[in-house]
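Q:
Chains as they are written, first to last, in the numbering used here: chain Z, 2 to 422; chain G, 2 to 422.
Spelled out as structure tokens, the structure:
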């Protein structure tokens, strides 16, 4: 056996850092915005182009590329004799927010490809296959819900229950998915998800902690819980010039008062609750017509499930109080409980990081990730790298190249250790 | 001279009521919504189709049809010998709200066409031409500002200053206007507005008064003043899961608190102030991203200019108070002072109504109208007919056919009297 020493590996021997950065910058051109950000929403032509690019790199490297009915991508290295073992998997997503950055999701896919390709090139002695994965529609900014590909993988949603969903322009999800799959017609399609022996997702932190503490790696122990809700408020349209205010059923005034009262009611002196209304659509949307329907979303997060439950009750009460003469619905669209990652995976990330001599800390993720969904069924973990000022979901999202390279090296070493058991 | 007796004309001798109703119902099919309403916004293919239909009716009746650079339509009857006198004009608009009704605007155009055509058919002895007019883009629901065609006519706006405006889908006004004009390529184009001797606009009341008092005609003495503003609030996008609320600059929370505080500050115990936020657009609009920009509109109306001025100051103060860490702009997009109509025109509407034996009252219009803009330069007046429950700008907008016919008869008789001076 020619296993490299597990004692003190060097990052630059484990992966090709220049290739990693070049690929990230090439990928960032697909859906590039004039302001330096990326708009590559799920199931768009840009998403399809990103998939083709990544598949091309993987095939050039001799990896086997496959897809599945929801468009997840699998880029696989199966060493001789290990073909039938359950694989060690790493990946993230290629879709972005409408005004997103170049690293959220993309980094986890390209770092995983770099790790898998490097393990193949370095002829690492593995007893399991290793796979880089790109999960479909993590963001959920175009089609709700997000973490769609990973939810499909753990059997939390079926295509039949989502294919008739519409994006804000009225495009059907099923049609957009069919177009995405048609863009890579030669890929074999895995009809059923296969068991995973272990999974590690690399990601930028999307928060300010690692940068502030001058650390290179965050060893992620879990993810805070999240609930997504959509509130619909229905009133009556009326002419803005003639209808006295006391006679109106104004959905705009009811909805804005709900948002304000919710912000007050969920105010947290410790600033741990994350309460966000990111989408607010008023119809018919004419300046001189009273709005008869408003739909707004709530994104609610906290590390403690009890706080999420109590806050959800508060939301129901406050919305009812502020509805006035309007009707309302509250639809719970997604609920992710706080996640604790697999102890063996977390320890392996920690020891690989420590053996590479990189400064690190343990932490809880503020954002949801595909790994948090996959953890419902498989042993999972994550590794964070710092990003500038904690900014993410924004065109100015950025990170130091040295940190991105270090993170990919940690990933390669972690996958090697997990796949050598 | 064969002038009919001015004493006691009969409505059914003055116009063809069946033709009026048939035309209104035919026109309502263009842009018809499944819910019974009409979506025929300005400068759309539906608007163009409505123009072609009305031009066809006018030409069949032997009226001369012309347009102008902003797409206003003129349907003219000039009796022999009266060709060079300044005309008496009547009209309204063919565009609707996105979820509008079949009568707002359409009634004033078709009633004017019916009046002009009937005066021609009845060989009324006139010393002036009479013209039915359709003014372009009264509603302003697609392209701001509204009352565009009538503002152009009184030289309050030029095409060069509006042609680069975009609709919510990014379509340029100049391009949409060119397409509209291309749909009626054979119409002569009046390059310059011509002086008007007098103007009367017929319209549904769009308020509840005439129906409640069981009256057939509202003799309109004036129009309340109106101001349209657009408020833009700018913050910063952040990731909804990772950014503590105290560190955010959330444009959504700032904007909703402005709307609420404005509704409180402008509360009027007499319920005379009309304060409406009808459009509210939040960007980027993703559920898991803090909004960095919100744009909302204010439609403010009152019969007293001093109240409008004071309320505008209040708006400036409240928006600044509630902006928090966000930046903001307040753009005044349209300001119409309260209008008093021409006394001779008002008296002529009143006497024609009274001589037709129709129950009526004098009133102030709650809604803005093309006639209120044209009154800045020409002697103008209006006649209202009742509508059901005061509902307008809504698919359920409706009126009794008998009232619509009576209103057109009043219009015909008023035009005859004004054109016989």
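The C-beta atom is built at its ideal place from N, Cα and C for all residues, glycine as well.
1) Measuring only the C-alpha atoms, how far is residue 7/Z from residue 241/G?
2) Once DSSP output is grouped into helix, strand and coil, what is the label at residue 37/G?
3) Residues of chain G with CB closer than 9 angstroms to the CB of residue 175/Z, please, in chain order.
4) Using the C-alpha atoms, what's the distance from residue 295/Z back to residue 252/Z?
5) For the structure I just gave you, are there three or more beta carbon pairs, one from the segment 259 to 269 of chain Z and one from the segment 65 to 75 of chain G, closer than 8 angstroms?
6) Where do the ends of the alpha helix (DSSP H) carrying residue 263/Z lie?
7) Should residue 193/G be labelled buried (16 or more other beta-carbon atoms within 10 Å of its own) or exposed?
8) Quick check on this structure: which residue in 43/G, 75/G, 47/G has the alpha carbon closest to the alpha carbon of residue 58/G?
9) Between 300/G, 324/G, 27/G, which lies nearest to residue 313/G when the distance is taken from Cα to Cα?
10) Given residue 396/Z, which residues of its chain have a CB within under 8 angstroms of its CB, disregarding the five upstream and five downstream residues?
11) Determine the DSSP secondary structure at residue 217/G, reduced to helix, strand or coil.
12) Using 8 angstroms as the threshold, is the segment 321 to 335 of chain Z in touch with the segment 361 to 368 of chain Z, meaning 3 or more CB pairs across them?
13) Tell me, please, whether the CB atom of residue 362/G is closer than 8 angstroms to any CB atom in chain Z?
14) Taking 8 angstroms as the threshold (C-beta atoms), are residue 218/G and residue 400/G in contact?
15) By the 9 angstroms beta-carbon criterion, what residues does the segment 234 to 253 of chain Z contribute toward chain G?
16) Residues of the segment 282 to 315 of chain Z with a CB closer than 7 angstroms to any CB of chain G: list them in chain order, please.
17) Please report how far the alpha carbon of residue 201/Z lies from the alpha carbon of residue 287/G, in whole angstroms.
18) Would you mind sorting residue 248/G into buried or exposed? The rule is 16 or more other CB atoms within 10 Å of its CB.
19) Check for me: the alpha helix (DSSP H) holding residue 437/Z runs from which residue to which?
20) Return the residues of the segment 77 to 100 of chain G that lie within a Cβ-Cβ distance of less than 7 angstroms from chain Z, sorted by chain order.
21) Could you tell me if residue 307/Z is buried or exposed, where buried requires 16 or more neighbouring beta carbons within 10 angstroms of its beta carbon?
22) List, in chain order, every chain Z residue whose beta-carbon is nearer than 7 angstroms to that of residue 280/G.
23) Can you tell me whether residue 204/G is helix, strand or coil according to DSSP?
24) Counting beta carbon pairs with one atom in the segment 82 to 98 of chain G and one in the segment 127 to 145 of chain G, are three or more of them shorter than 8 angstroms?
25) Could you check if residue 160/G is buried or exposed, using at least 16 other CB atoms within 10 Å of its CB as the buried criterion?
26) Between the alpha carbons of residue 169/Z and residue 203/Z, how many angstroms are there, rounded?
27) For chain Z, find out if any of its Cβ atoms is closer than 8 angstroms to the Cβ of residue 151/G; answer yes or no.
28) Between residue 153/Z and residue 378/Z, what straight-line distance do the alpha-carbon atoms span, to the nearest angstrom?
29) Give the residues of chain Z in contact with residue 276/G, contact being defined as C-beta atoms less than 9 angstroms apart.
30) Tell me the residue span of the beta strand (DSSP E) that contains residue 233/Z.
31) Closest Cβ-Cβ distance between residue 272/G and chain Z: below 8 angstroms?
32) What is the DSSP secondary structure of residue 278/G, reduced to helix, strand or coil?
33) In angstroms with no decimal places, state the Cα-to-Cα distance between residue 280/Z and residue 21/Z.
34) Per DSSP, what kind of secondary structure is residue 31/G in: helix, strand or coil?
35) Can you round the beta-carbon distance between residue 25/G and residue 413/G to whole angstroms, since I take them to be within the 8 angstroms contact cut?
36) Please determine, among 55/Z, 82/Z, 207/Z, 138/Z, the residue with the shortest C-alpha to C-alpha distance to residue 178/Z.
A: From the atom records:
1) For residue 7/Z, the predicted model reports a pLDDT of 47, less than 50, meaning its position is unreliable and no value from the coordinates is stated.
2) Under the three-state reduction of DSSP output, residue 37/G falls in the coil class, being neither helix nor strand.
3) Neighbours of residue 175/Z on chain G: none; closest Cβ ~21 angstroms, over 9 angstroms.
4) Approximately 6 angstroms, taken between the alpha carbons.
5) Flag = no, the segment 259 to 269 of chain Z and the segment 65 to 75 of chain G do not touch.
6) 252 to 266 is the extent of the alpha helix (DSSP H) around residue 263/Z.
7) By the neighbour-count criterion, in which 16 or more other beta carbons inside 10 Å mark a residue as buried, residue 193/G falls on the exposed side.
8) Ranked by how close their Cα comes to the Cα of residue 58/G, the residues 43/G, 75/G, 47/G have 75/G in first place.
9) For residue 313/G, the nearest C-alpha among the options comes from 300/G.
10) Answer for residue 396/Z: 34, 36, 37, 38, 39, 100, 101, 102, listed in chain order.
11) DSSP places residue 217/G in the coil class of the three-state scheme, outside both helix and strand.
12) No: fewer than three Cβ pairs fall under 8 angstroms.
13) Cβ-Cβ to chain Z under 8 angstroms: no for residue 362/G.
14) No; because the gap between Cβ atoms is not below 8 angstroms, this pair is not in contact.
15) Cβ contacts with chain G come from 237, 238, 239, 240, 241, 242, 243, 244, 245, 246, 247, 248, 249, 251, 253.
16) Along the segment 282 to 315 of chain Z, going in chain order, the ones with a CB nearer than 7 angstroms to a CB of chain G are 283, 285, 286, 287, 288, 289, 290, 291, 292, 298, 300, 302.
17) Going by the C-alpha atoms only, they are around 27 angstroms apart.
18) Label assigned to residue 248/G: exposed.
19) Residue 437/Z is absent from the model: chain Z starts at 2 and stops at 422.
20) Within the segment 77 to 100 of chain G, the residues whose Cβ lies closer than 7 angstroms to some Cβ of chain Z are 98, 99, 100, listed in chain order.
21) Classification of residue 307/Z: exposed, given that the 10 Å Cβ count is below 16.
22) Simply 283, 286, 287, 288.
23) Residue 204/G: strand per DSSP, three-state reduction.
24) The segment 127 to 145 of chain G and the segment 82 to 98 of chain G touch, with no fewer than 3 CB-CB distances between them shorter than 8 angstroms.
25) When all chains shown are included, residue 160/G counts as exposed.
26) Roughly 30 angstroms between the two C-alpha positions.
27) Interface with chain Z (8 angstroms Cβ-Cβ cutoff): residue 151/G is excluded.
28) If you take the alpha carbons of residue 153/Z and residue 378/Z, they lie about 12 angstroms apart.
29) 241, 246, listed in chain order.
30) Per DSSP, residue 233/Z belongs to the beta strand (DSSP E) from 226 to 235.
31) Judged by the 8 angstroms Cβ criterion, residue 272/G is in contact with chain Z.
32) Reduced to three states, the DSSP call for residue 278/G is coil.
33) Near 35 angstroms, if we compare the C-alpha coordinates of residue 21/Z and residue 280/Z.
34) Three-state DSSP puts residue 31/G in coil, outside helix and strand.
35) Wrong, their Cβ atoms sit about 16 angstroms apart, outside the cutoff.
36) The residue with the shortest Cα to Cα distance from residue 178/Z is 138/Z.
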